[in-house]
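Position one of the sequence shown corresponds to residue 427 (this note's numbering), numbered consecutively onward.
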Amino acid sequence: MLGWQHEQGEDIGPKYDSGEIPQNHMPLPAHKQGLSGELPMQSPDHMMSSGGGKHVHPLPFRSPNTSREFGNVAWKERVDGWKMKQDKNGVAMTNGTSHPPSEGRGVGDIDASTDYNMDDALLNDEARQPLSRKVPISSSKINPYRMVIVLRLVILCVFLHYRITNPVRNAYALWLLSVICEIWFAISWILDQFPKWFPVNRETYLDRLSIRYDREGEPSELAAVDIFVSTVDPLKEPPLVTANTVLSILAVDYPVDKVSCYVSDDGAAMLTFEALSETSEFGRKWVPFCKKYSIEPRAPEWYFSQKIDYLKDKVQPSFVKDRRAMKREYEEFKIRINGLVAKAQKVPDEGWIMQDGTPWPGNNTRDHPGMIQVFLGHSGGLDTEGNELPRLVYVSREKRPGFQHHKKAGAMNALVRVSAVLTNGPFMLNLDCDHYINNSKALREAMCFLMDPNLGRQVCYVQFPQRFDGIDKNDRYANRNTVFFDINLRGLDGIQGPVYVGTGCVFNRTALYGYEPPIKNKNKLKTFSFCCGGSRKKKSKSSKKNSDKKRSNKHMDNTVPIFNLEDIEEGVEGVGFDDEKSLLMSQMSLEKRFGQSAVFVASTLMEHGGVPQSATHESLLKEAIHVISCGYEDRTEWGTEIGWIYGSVTEDILTGFKMHARGWKSIYCMPERPAFKGSAPINLSDRLNQVLRWALGSVEILFSRHCPIWYGYGGRLKFLERFAYINTTIYPLTSVPLLLYCTLPAICLLTGKFIIPQISNVASIWFISLFISIFATGILEMRWSGVGIDEWWRNEQFWVIGGVSAHLFAVFQGLLKVLAGIDTNFTVTSKASDEDGDFTELYMFKWTTLLIPPTSLLIVNLVGVVAGISYAINSGYQSWGPLFGKLFFAFWVIVHLYPFLKGLMGRQNRTPMIVVVWSILLASIFSLLWVRIDPFTTRVTGPDVQKCGINC
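Here's what the structure looks like:
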């Protein structure tokens, strides 16, 4: 019963040689952990909360060839032998009623002298099942999809061969330009398509997680999680939105002593500080209400705004009364927050003053000290029913002139260090301030992967899809990004894992520290390496010393970290440190890598988290202030090899890429109820500015040393995963050929030329086959992914709109930054809620230079269509045949730009609507006159040819 199940012919349990039991799979005693579950705190006014360490969670022991019969002699002999082994290793055994803190409650929980009943046997067997399962896509859905991809690739090659070998002599420049664009589109399609070759689904088993780590009546053994919420400008990111995110975190369905919430205020705004204080007070009432009635979602703004029957499945008589009272409390809370926002609109001349009469330290947002304030904690934060609440910590890192602060990436790295000093949870969840927890069991969903004994040690992060509220039903500008989240990332999950998308991601802290994943080779080198190297290989003892000397001088690949975590653990036990001098050298190397903080460096070696038992909150506070100082990262590897990586405004892509290059895997988790929900900019201008920032970050990575085209070949990045990262960085470049290709139809219609020569019947078959394969690929993709045709089509339309606007500007801005050093400012996307009416913001018109290219394309193609039809009417029947091909391409451009045109002509956009209509009307009149006057040529047909003797 101790064996893992074999599902679909795949052994998903750990594989060991006979008699080989890894040391890190042994259950460890609670009294020898050296970690504290709690640090005392005298009052909530202290600048530091209690540190919540986590018990060590060794992975479960699996005995090879274990008998499936209980109570027999062989079984008892195995158990007794195992107990003797543990006694030799200093591991205390317990009786059947007390369980040591071991993962899955391994064999040590079984007292051989106690009779087992069948219920306990079945329960223990269930606890040893895998916590998650990979579910492949049905072969009836995925195999036709793959066949069509291969067929489309063949047809595409034939099509390009025909296009290259059949130039258009009278329009050679247009033909050459179109062929270059088509070749680039083909390359872009290959990079985008083939990472979708192995899409998978995943299932999680929350009941097994609870049986293994969170049994009722026993101390929870779930891992501690530090949750990061980042905000900058409270006027663009309303405090009420941030408050709802924090409240959903405080009410999450997870042991309260295992949750710590850190709010990063990178704008040092007193408004954010006061709003967080109000939030902590309201949370004392909101959290018990959520847990008592198991409501979803646990963000009050969205819970009370649901248009559903809130009495469904509710049986407690007190629910209606309590809900009404809580709704009134929340409305009063909103009034207080609105009052703070109104007061913050006008800054006093003398700056903000705190309640004790002292000036607010963050009055100068570019020159202020680091600030930490604990609002809730173990000994200082109880709800109205006397129960403990999760920790809530306000953090604003130090900022001084002359230092590079690295925007959001620098703020996240500051949170990593502060949380390591104060609580040191082994896992971290990062959320944008507008992304609340929509599924209270989201953390448990992630733990099904990260705490799985067979899978978890290889996982660097678990990424959840982004879902959004407040988007119109038609999703005019593809704000939901359904194709990316439901197709592309599921395809990557079958290779090496999805890319990191910036929010809704649970990290393994070890992976963020630059460590490489555990090596699967059985005969590993037990050395303490201090240099960057490629994949580790077996070496003989005789060559070990020479290889170590070479490492110190040889330039190695940076994709592999300096330290291997397992080597460090073995070294600490004595293998790598034979004397005090070598131990001092290792400490100096760690401080050079992680910074001058002995407390933080010590925390990096605690794989299972926790803080030292002897630490006091005063000393931890002093160290936390130190690690968020603006000069702490100088001459360290923060931002280059450790934490969030600097060098791009899309630090998320770069950070995930570095982890995958080291060999880590990531997981894509899509629970039935979305884990997180956020707000999206539904206005066209704001949406394009958001896309511009993403594309600019990709261009910055493309022209950096971390470009996936040439970086990381010494690591363990899989080939198709590299394809996906290359596509992520070069997709903005497609804007240049896309803009040219969208201009060609208008030029052809106005000049009477075409990019394709007169084709034969055989060539027409290949053209038709190409279009059929394109449509078939899309249909089969929608079939296996479940994405609707309307969502797929909106994505196609916005690909053109964003490609000829935001992506184009990103390319030029990126080139200016790389070549001329001209940097662009990061603009925070507005996250204001829609309080004036349903989708009022959707119809607001905000002119921006990003709208110039698509507007020009739209007008030029409409003019071309009118000109082409007018010429065909004047020229007779024979000119209609060539016209259809030109009109097809022109209408393709117009149809894809239709949402953009609809945005310009919204119900509140009367002025731009009039401008666009008059522009099109005047352009049409001009094109008609162009055809009538024909200033460049005189077209003579029929009998006039013989009469005049000319044919121009």
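Think of the CB as a built atom: it goes at the ideal place given N, C-alpha and C, for glycine as much as any other residue.
With which residues is Ile613 paired in a DSSP beta bridge? Answer is none; Ile613 lacks a bridge partner.
Alpha carbons only, please: which of Ser604, Pro570, Leu557 and Asp735 is nearest the one belonging to Ile1173? Ranking Ser604, Pro570, Leu557 and Asp735 by Cα distance to Ile1173 puts Ser604 first.
Considering only the alpha carbon of each residue, which of Gly1089, Arg823, Arg843 and Trp1218 lies closest to Lys1144? Looking at Gly1089, Arg823, Arg843 and Trp1218, the one whose alpha-carbon comes closest to that of Lys1144 is Gly1089.
On the DSSP bridge list, what partners appear for Ile1181? Beta-bridge pairing links Ile1181 to no other residue.
If you draw a straight line from the alpha carbon of Arg1019 to that of Ala846, how long is it in whole angstroms? Rounded to whole angstroms, the separation of the alpha carbons of Ala846 and Arg1019 is 15 Å.
Between the CA atoms of Thr908 and Glu1207 - distance to the nearest angstrom: Thr908 has its alpha-carbon roughly 12 Å from the corresponding atom of Glu1207.
Within the chosen definition, does the segment 781 to 791 reach the segment 631 to 647 through at least 3 CB pairs nearer than 8 Å? Output reads no: the segment 631 to 647 does not touch the segment 781 to 791.
Cys687 in three-state terms, based on DSSP: It is a strand residue.
Heavy atom of the ligand ATP within 6 Å of Tyr1058 beta-carbon: The ligand ATP is absent from the structure shown, which contains no ligands of any kind.
What does the Cβ neighbour count give for Asn864, buried or exposed, with the cut at 16 atoms within 10 Å? Burial call: buried.
Taking all protein chains shown into account, decide if Ala1246 is buried (16 or more other Cβ within 10 angstroms of its Cβ) or exposed. Exposed, by the Cβ-count rule.
Cα-Cα separation, Gly532 to Glu1044: Because the pLDDT at Gly532 is just 39, under 50, the model does not fix this residue reliably, and the point stays unresolved.
Does any C-beta atom of chain D lie closer than 7 Å to the C-beta of Leu918? Among the protein chains of the structure shown there is no chain D, as only one such chain exists.
Bridge partners of Arg559, per DSSP? Beta-bridge annotation (DSSP): Arg559 is paired with Glu629.
Quick one: grab the DSSP three-state call for Met797. Met797: strand per DSSP, three-state reduction.
Only counting runs of 3 or more residues, tell me where the beta strand (DSSP E) segments fall wholly within the segment 703 to 783, in order along the chain. Here no run is fully enclosed.
Which residues does DSSP pair with Tyr1094 in a beta bridge? Answer is Gln889, bridged to Tyr1094.
Out of Lys711, Lys753, Lys747 and Phe715, which one is the CA nearest neighbour of Ser731? When each option's Cα is compared against that of Ser731, the closest is Lys753.
Alpha helix (DSSP H) runs contained entirely in the segment 923 to 947, provided each spans 4 or more residues: The segment 923 to 947 contains these whole alpha helix (DSSP H) runs: 935 to 938.
Same chain, Cβ closer than 6 Å to Ser1233, five either side skipped, listed in chain order: Correcting the residue type first, residue 1233 is His in the shown sequence and not Ser. Contacts found: Ala1121, Pro1158 and Ser1161.
DSSP three-state label for Val1075, please. Coil.
With distances taken from CA atoms, which of Ile568, Gly1057, Ile590 and Ile1071 is nearest Leu609? It should be pointed out that residue 609 corresponds to Ile in this sequence rather than to Leu. Per the Cα distances, Ile590.
Collapsed DSSP secondary structure at Asp858 in the structure displayed: Assigned with DSSP and collapsed to three states, Asp858 falls in strand.
Under three-state DSSP, which class holds His981? Its pLDDT being 38, under 50, His981 is placed unreliably by the model, and the measurement read from it follows with that caveat. Secondary structure of His981 (DSSP, three-state): coil.
Note down, one range per segment and in chain order, each alpha helix (DSSP H) of at least 4 residues found wholly within the segment 1016 to 1083. Counting only runs of 4 or more, we get 1024 to 1030 and 1043 to 1053.
Based on Cα-Cα distance, which residue from Arg935, Ser1040, Ile675 and Leu1175 lies nearest to Asn850? Asn850 has its Cα closest to that of Arg935, out of Arg935, Ser1040, Ile675 and Leu1175.
Short check: CB of Trp601 to CB of Ile1181, under 7 Å? Their beta carbons are under 7 Å apart, which means Trp601 touches Ile1181 by this criterion.
For Asp652, does the three-state DSSP call read helix, strand or coil? Taken through DSSP and simplified to helix, strand or coil, Asp652 comes out as strand.
Looking at C-beta atoms only, is the number of pairs between the segment 566 to 582 and the segment 1188 to 1202 that lie closer than 8 Å three or more? The segment 566 to 582, when compared against the segment 1188 to 1202, does touch it at the 8 Å Cβ threshold.
State the beta-bridge partners of Asp895 as determined by DSSP. Answer is Ser1105, bridged to Asp895.
If you reduce the DSSP assignment to three classes, tell me which class Pro785 lands in. In the structure shown, Pro785 adopts extended strand secondary structure according to DSSP, grouped into three states.
Between the beta-carbon of Ile653 and the beta-carbon of Ile675, is there less than 7 Å? The answer is yes: Cβ separation under 7 Å.
Using alpha carbons as the reference points, say which of Gly1036, Ser1124, Tyr1072 and Glu871 lies closest to Asp683. Its Cα nearest to that of Asp683, the residue Gly1036 stands out among Gly1036, Ser1124, Tyr1072 and Glu871.
Report the three-state DSSP secondary structure of Ser564 (helix, strand or coil). Per DSSP, reduced to three states, the secondary structure at Ser564 is coil, with no helix or strand assignment.
Counting only runs that start and end within the segment 562 to 605, where is the alpha helix (DSSP H) found for 4 or more residues in a row? DSSP runs (the alpha helix (DSSP H)) wholly in the segment 562 to 605: 565 to 591.
Relative to the alpha-carbon of Cys1056, which residue among Leu635, Ala612, Phe1193 and His832 has its alpha-carbon at the smallest distance? Ranking Leu635, Ala612, Phe1193 and His832 by Cα distance to Cys1056 puts His832 first.
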